[in-house]
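Numbering of the sequence shown is given in our numbering, commencing with residue 62 and proceeding in unit increments.
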Amino acid sequence: MKTHWMIVAVTSVLALGSTLATHAGVRDATQDERFIRTTEASVCDAFQSGDADVLRNALDDHFTLTDSKGVVTNRDQTVANGARQDPAYLVFHNHDQCVRVYGDAAIVTGVTSMQSHTAGATSAGDYAYTDTWVHVDGRWKLAARHASLLRTR
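This is the structure in structure tokens:
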């Protein structure tokens, strides 16, 4: 009988410890989604205003951008392009977003509407995009973006 109670006690302690360990590291998916949506809007604003600090803080060190022409740039190149404002974005806005959080990763799909001006020419279009976010060192960072032209305006 003592053996039975000892097994019950050990099992209970192990289950409680596992439950506490699991809940200690769990984030609220709703808050994660809200943070990602807010940060994505800040990144759009940073491209429009040329705010390199916002871009640098939001993008993961290993960030890659694959643009609609298939050109791949890394974090430093993307931040420099944004700061240079070439092209200069008159409109840079995400909409129709779907955010899916998977633990320490999140996928965002949506549409970015842009209007830009460079070398005397103005262009505008809508781009389908997929963003990959990772939760590292206690923070969400944008790790990768891919954009494809939907239509020009």
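All C-beta atoms, glycine included, are put in the ideal place defined by N, C-alpha and C. In this text, all values refer to a predicted model and were calculated from it rather than measured experimentally.
Assign residue i to buried or exposed, taking buried as 16 or more other Cβ atoms, counted over all protein chains shown, within 10 Å of its Cβ.
{"i": "T173", "result": "buried"}
{"i": "V140", "result": "buried"}
{"i": "R206", "result": "buried"}
{"i": "R161", "result": "exposed"}
{"i": "V132", "result": "exposed"}
{"i": "S143", "result": "Contrary to the premise, residue 143 reads as Gly rather than Ser in this sequence. Buried, since its Cβ has 16 or more Cβ neighbours within 10 Å."}
Whose C-beta lies closer than 8 Å to the C-beta of residue i among residues of the same chain, with five residues either side of it excluded?
{"i": "C105", "result": "F153, H154, N155, T173"}
{"i": "I168", "result": "V160, R161, T191, D192, T193, W194"}
Leaving out five residues before and five after residue i in sequence, what residues of the same chain have Cβ atoms less than 6 Å from its Cβ?
{"i": "T213", "result": "G186"}
My guess is that residue i and residue j are in contact by the Cβ rule of under 8 Å, so how many angstroms apart are they, rounded?
{"i": "S129", "j": "L210", "result": "4 Å"}
{"i": "T47", "j": "N135", "result": "The shown model of the chain, from 62 to 214, leaves out residue 47, and the question about it has no answer."}
Just to confirm my understanding: we take residue i, look at its own chain, exclude 5 residues before and 5 after, and list those with CB closer than 7 Å. What are they?
{"i": "A204", "result": "D121, H123, F124, T193, W194, V195"}
{"i": "P148", "result": "S177, H178, T179"}
Less than 8 Å between the beta carbons of residue i and residue j, yes or no?
{"i": "Q158", "j": "R95", "result": "no"}
Against chain B, does residue i count as a neighbour if the rule is that its beta carbon must be under 8 Å from one of theirs?
{"i": "D192", "result": "You won't find chain B in this structure, because it holds only one protein chain."}
Item to check | Three-pair Cβ contact test at 8 Å for the stretch 148-161 versus the stretch 174-188 | outcome: yes
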